[in-house]
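Numbering-wise (the working numbering), the sequence shown opens with residue 47 and increments by one.
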Amino acid sequence: MSANTATSGAAGRAAPMTKEERKVILGSSLGTVFEWYDFYLYGSLAGLIGTHFFSQYPEGTRNIFALLTFAAGFLVRPFGALVFGRIGDLVGRKYTFLVTIVIMGASTFIVGLLPGSETIGIAAPILLILLRCLQGLALGGEYGGAATYVAEHAPNGRRGFYTSFIQITATAGLFLSLLVILGVRTWTGEADFAAWGWRVPFLVSIVLLGISVWIRSTLNESPAFQKMKTEGTGSKAPLSEAFGQWSNAKWALLALLGLTMGQAVVWYTGQFYALFFLGSILKVDGPTTNLLIAWSLLLGSGGFVLFGWLSDKIGRKPIILGGCLIAALTYFPLFKLLTAEANPALHQAQQTIPVQVLTDPDSCSFQFNPVGTARFTQPCDIAKSALARASVQYSVEGGVAAGETAIRINNGAPIRATDPAFAQQLAAGLTAAGYPAASNPTVVKMAGPFDIFREQPAVIIGVLTVLVIYVTMVYGPIAAALVELFPTRIRYSSMSLPYHIGNGWFGGLLPATSLAMVAQTGDIYFGLWYPIVIALATFVIGMIFIPETKDRDIFDDASSTTR
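Written as structure tokens, this is what we have:
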């Protein structure tokens, strides 16, 4: 490509976006919201889905298979990035993300129609797992396509702002799924929702699919891809060129370690781990947890656009890496404040009631169980798991016979983990010592969606909103940063893989890893070291190795490959 061609291409992109280009933003964003909505539905309803599709198994095994099916969607996302990234670089952006949205929408709709295992036996869980894998593959191809498509329509100097609308879609999809589930649950009542109402959110997705496909079908192919095709500069083997040549592959690796790895853990901590922490550790009821998270998403989501816009002014690196650093430095005080406000009685008990696990530390397992298949049956593991489920702070001490494990509460008599009545004795001992019972009245509880003007929910929403703002800092500019790292001919493939490894694996494993760290140490905050260490690693690697890209002309492949 001549210098004159590159210059004219860049100049042509300097004008404000046209009406057609604004439709590109709308069509891409709406479709991506829909895909995330589909993806999150399963996670929110995994318990009910396990009941209907794995009913031939005991409850524990049923929940394991439900979690395995959920995990499958995360694990296949990088493979979807490879498959659809290659198609997107060879055939085109528009065609590829039309295919991904149809696959996602059809799979989701069929889940709503799929008979349970009581009707069609083993075929039900097999078909469910297949549909979940198709969802993960489609999502793996969707993000890279939508981000690339929008970025290649955006003017130079405004890519951060316009791609930020793609970034807001993941949060919007989560928010929409929570609203639809809450609405249908209220409309049907709990009994009918458990029996058949859970299918409604899956079935109504067909309407969203129709709207999204119609909008996307009216869009044109991206100008950068059309220009590449016209000039004959496209790659004949994008995967080999992107990942088989070190000059390109190293940038995919650096994009993972210096951008998306840290972005992923900050995102998952601010939205998913916060939800898990409130519900599972602080014992806040499900509806209240969902409302608190929903309000924080509503209040904080404007940050995606704000930080996307700001990244066009001051750069991608300062905002993404600054978000990783600030999050890492403030997670401990923020989550401790969450505990003090959401469950004051539990917080007080953790500070004042000593609990020890008396055991041989070498007999304890690290209870890392990302898909729920592992079984921890040693007395030490049973004791630690029981205390972790009760959100009890504890220390581990030796001095007992090999194979023996006991729990001592407030310097009282030890409770042996091998005792047949261990669970009952532990619950009674914790309550007698001052740990709150299940009916603890100090736990935050919202009477309705607008019960937010009391101090307790207001402070919690404030903390959660700060966590969401961290998410918007790292996530708002990430699409523009990734797009600008790679040349047009391999852009779809190159940016998709590090994004989905970072978010699908580093982010997706965060809840299981953090829970194992909590159980291992007896400290409900210790799991925060997982996102903190990874975010700090990304900060260091990104500061040293990732270039600032905001001024690159992505229409000029020479500028995208000159690092």
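All C-beta atoms in this analysis are idealised placements derived from N, C-alpha and C, irrespective of residue type, glycine included. If you're wondering where the values come from, they're calculated on a predicted model, not measured in any experiment.
With DSSP run on the structure shown, which of helix, strand or coil describes residue i?
i, result
"R15", "With the chain covering 47 to 609 only, the question about residue 15 has no answer from this structure."
"I455", "strand"
"R462", "strand"
"E267", "coil"
"Q470", "helix"
"E198", "coil"
"Q402", "strand"
"T608", "Since pLDDT at T608 reaches only 45, below the 50 mark, its modelled position is unreliable, and the value read off the structure follows with that caveat. Coil."
"S437", "coil"
"V145", "helix"
"E443", "strand"
"Q309", "helix"
"C410", "coil"
"V122", "coil"
"E188", "helix"
"N673", "Residue coverage of the chain in this structure runs from 47 to 609, which leaves residue 673 outside it and unanswerable."
"K491", "coil"
"F130", "helix"
Using a threshold of 7 Å, state whether the C-beta atoms of residue i and residue j are closer than that.
i, j, result
"F239", "A170", "no"
"S163", "S101", "yes"
"Y521", "T194", "no"
"D358", "F207", "yes"
"T518", "G349", "yes"
"Y576", "S560", "yes"
"G187", "Y83", "no"
"T142", "F130", "yes"
"I365", "F211", "no"
"S342", "V514", "yes"
For residue i, count neighbouring Cβ atoms within 10 angstroms of its own Cβ and tell me buried if that reaches 16, exposed if not.
i, result
"P544", "buried"
"I580", "buried"
"T232", "exposed"
"E287", "buried"
"Q397", "exposed"
"G369", "buried"
"V253", "exposed"
"S268", "buried"
"I461", "buried"
"Q309", "buried"
"A395", "buried"
"I590", "exposed"
"R139", "buried"
"L387", "Looking at the sequence provided, one finds Glu at residue 387 rather than Leu. The residue in question, E387, is buried, as its Cβ has 16 or more Cβ neighbours within 10 Å."
"L375", "exposed"
"Q213", "buried"
With distance defined between alpha-carbon atoms, name the residue in the options nearest to residue i.
i, options, result
"Y86", "H199, E443, F248, T142", "F248"
"I172", "T115, N202, R204", "T115"
"P390", "I156, T335, P487", "P487"
"V246", "S223, I257, R262, C410", "S223"
"K65", "L265, I149, L177, V250", "L265"
"L91", "L343, I212, V226", "V226"
"E450", "A474, L352, T423", "T423"
"A469", "K363, A436, I166", "A436"
"T584", "L338, I536, L367, D599", "L367"
Flag residue i as yes if its beta-carbon sits less than 7 Å from any beta-carbon of chain B, otherwise no.
i, result
"E267", "You won't find chain B in this structure, because it holds only one protein chain."
Considering only heavy atoms of the ligand SAH, does any lie closer than 6 Å to the CB of residue i?
i, result
"F130", "The ligand SAH is not part of this structure, which contains no ligands at all."
### Message
Check whether the segment 392-411 and the segment 434-445 touch, using three or more Cβ-Cβ pairs below 8 Å as the test.
### Response
Yes: at least three Cβ pairs fall under 8 Å.
Quiz item: With a cut-off of 8 Å, do at least 3 Cβ pairs link the segment 176-184 to the segment 306-320?
Solution: Counting Cβ pairs under 8 Å, fewer than three are found: no touch.
Across the segment 313-325 and the segment 540-558, are there enough close Cβ pairs to call them in contact, namely three or more that are closer than 8 Å? The segment 313-325 vs the segment 540-558: in contact.
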